[in-house]
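Engineer: Note that the numbering used here gives residue 259 to position 160 of the sequence shown, counting from 1, and the numbers run on in steps of one.
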Amino acid sequence: DAMEEDDEEDAEPPKAELTDEEKKLWFRTATTADIYGGHLDRVFMDFSIPQKSEGFDDIRFAWEKEAACKAYLHKKVAEKKRTCKLEIVVPSEWFFTTLKEWQKVFGEWREKQTAAKPAAVPEEEKKEGEEKKECEEVKKECEEVKKEEGTKMEVDQEGEKPKETEAAETKKEEVKEEAEEKKEDAMEEDDEEDAEPPKAELTDEEKKLWFRTATTADIYGGHLDRVFMDFSIPQKSEGFDDIRFAWEKEAACKAYLHKKVAEKKRTCKLEIVVPSEWFFTTLKEWQKVFGEWREKQTAAKPAAVPEEEKKEGEEKKECEEVKKECEEVKKEEGTKMEVDQEGEKPKETEAAETKKEEVKEEAEEKKEDAMEEDD
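1) Residues in its own chain within less than 8 Å of Glu259 by CB, not counting five upstream and five downstream?
2) Taking the C-alpha atoms as reference points, what is the distance between Trp392 and Trp385?
3) Using only CA atoms, which one of Glu362, Asp468, Cys418, His357 lies nearest to Thr131?
4) Given Val176, which residues of its chain have a CB within under 8 Å of its CB, disregarding the five upstream and five downstream residues?
5) Which of helix, strand or coil does DSSP assign to Ser152?
6) Can you tell me whether Ser317 is buried or exposed? The criterion is at least 16 other CB atoms within 10 Å of its CB, across all chains shown.
7) So, do the stretch 158-170 and the stretch 188-205 have three or more beta carbon pairs nearer to each other than 8 Å?
8) Report the option in Ile134, Arg127, Ala115 whose CA atom is closest to the CA atom of Thr366.
9) Just curious, the alpha helix (DSSP H) that Gly390 is in, first and last residue?
10) Taking only the alpha-carbon atoms, compute the straight-line gap between Glu295 and Glu283 and give it to the nearest angstrom.
11) I think Val360 touches Phe327, with their Cβ atoms under 8 Å apart; what is that distance to the nearest whole Å?
12) For a test of the three-state rule: what should DSSP assign to Lys137, helix, strand or coil?
13) Let me know if Asp340 comes out buried or exposed under the rule of 16 or more other beta-carbons within 10 Å of its beta-carbon.
14) Let me make sure I understand the geometry here. Which of Ala462, Glu111, Leu117 has the alpha-carbon closest to that of Lys415?
15) Please report the distance separating the alpha-carbon of Cys183 from that of Gly321.
16) Check each candidate in Leu382, Ala398, Lys383, Lys465 and name the one with the smallest Cα separation from Glu418.
17) Does Gly137 pass the burial test, meaning 16 or more other C-beta atoms within 10 Å, or should it be called exposed?
18) Out of Ser331, Gly206, Lys239, state which residue places its alpha-carbon closest to the alpha-carbon of Lys358.
19) For Asp324, count neighbouring C-beta atoms within 10 Å of its own C-beta (all shown protein chains included) and say buried if the count is 16 or more, exposed if not.
20) Between which two residues does the alpha helix (DSSP H) harbouring Asp119 extend?
21) In whole angstroms, what separates the C-alpha of Glu263 from that of Glu243?
22) Just the C-alpha distance for Gly412 and Lys430, rounded to the nearest angstrom, thanks.
23) Here's the rule: buried if 16 or more other CB atoms are within 10 angstroms of the residue's CB, otherwise exposed. What is Asp140?
24) Rounded to whole angstroms, what is the Cα-Cα separation between Thr197 and Glu235?
25) Please identify the residue among Lys226, Asp329, Ile148 whose C-alpha is closest to the C-alpha of Lys169.
26) When the Cα of Glu230 is compared with those of Gln334, Arg209, Lys281, Asp468, which residue comes out closest?
27) Reducing DSSP to helix, strand and coil, say where Arg325 ends up.
28) Span of the alpha helix (DSSP H) holding Glu207?
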């Protein structure tokens, strides 16, 4: 078993193989951020590549060269500026003075525009006026056609219809068709306005959502981490005349809020937690009791023996044990020695000699091991 364990330790470990998506990643994505969003939004614009002027003896760019690192940092800062809320930006005095001037000029423009623009007409009156204008235009065109018919009417001997009259009739028919088309278009527009709008159809994923997911949060993470534990369902004792639960009942709303707060507690950094006085008093008492226990333990425990003395004592014990075993073997040889008539060596003596040799070999092996450890 020991040999197998040594072979397993000496064997090469398996090589990790990365997927194509993992190879594209430069940094490990963590579920909990190292720094909460509110503080990051206040300091990320000051990020920079380290310089020797800051006191560094040596700066090494292991992954990319200095120019590539600066370009990467500039890109990340620009992306952060486009998405985060810069709540620390405070306008200067120049901004307020320029804003007042602009508001003054803009107000003058608005006054001039309202003075020059005619009064607004309601939509219904506007539609009626447009219809009247269209009818008047059609009447005028009909009168012009009639005048042309009266002035240019010439009948030839065969009694044929004059060309001018035919042109006038065609023009009259075109005008009537245009007027009818305009009326039909107006009627279609009114029907479209009166018709019901198409109903929106949600997918299965959208039906599961209760709230719209936004790319930019309404409140930054640092402030949310400080106040989310105080969230609660509104109560009438707070001054509300009436409270209506439209989506879920009161019990379901409380359960949902409790679940969200518990999830937030498991993932966010509670940096506002401050120990109370009870904690400090209990901590002092515990430290006092623990110190007394440590003193009793050190007093009851024997003094530590140096490693060299410990090794010498072990070697002496091993030598004494070997000597005792040798003396026992000799005693067995003296008491049990019996020679038979043929002058052969007794079996007990042979067993004693083999045991003696084994004891000597074990003693020599232990001495060699001790020498190797000392080396």
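Just so you know, even glycine gets a beta-carbon here, dropped at the ideal spot from N, CA and C.
Structural biologist: Inspection of the coordinates gives the following:
1) Note that Glu259 scores a pLDDT of 47, beneath 50, so its modelled location is shaky and nothing firm can be said.
2) 11 Å
3) Glu362
4) Phe143, Met144, Phe146
5) It is helical.
6) One detail in the question is off: residue 317 reads as Asp in this sequence, not Ser. Flag for Asp317 reads exposed.
7) A contact between stretches requires three or more CB pairs, one per stretch, nearer than 8 Å, and the stretch 158-170 fails this requirement with the stretch 188-205.
8) It is Ile134 whose Cα lies nearest to the Cα of Thr366.
9) 376-399
10) 20 Å
11) 6 Å
12) In the sequence under discussion, the amino acid at residue 137 is Gly, which differs from the Lys named in the question. Helix.
13) exposed
14) Ala462
15) Straight-line Cα distance between these residues: approximately 13 Å.
16) Note on identity: in this sequence residue 418 is Cys, with Glu being the wrong assignment. Comparing Cα-Cα distances from Cys418 to each of Leu382, Ala398, Lys383, Lys465, the minimum goes to Lys465.
17) Flag for Gly137 reads buried.
18) Ser331
19) Counting Cβ neighbours within 10 Å, Asp324 comes out buried, since at least 16 surround it.
20) 119-123
21) Bear in mind that the predicted position of Glu263 carries a pLDDT of just 48, short of 50, making it unreliable; the figure below should be weighed with that in mind. Cα-Cα distance, rounded: 13 Å.
22) 27 Å
23) buried
24) 53 Å
25) Ile148
26) Lys281
27) helix
28) 192-215
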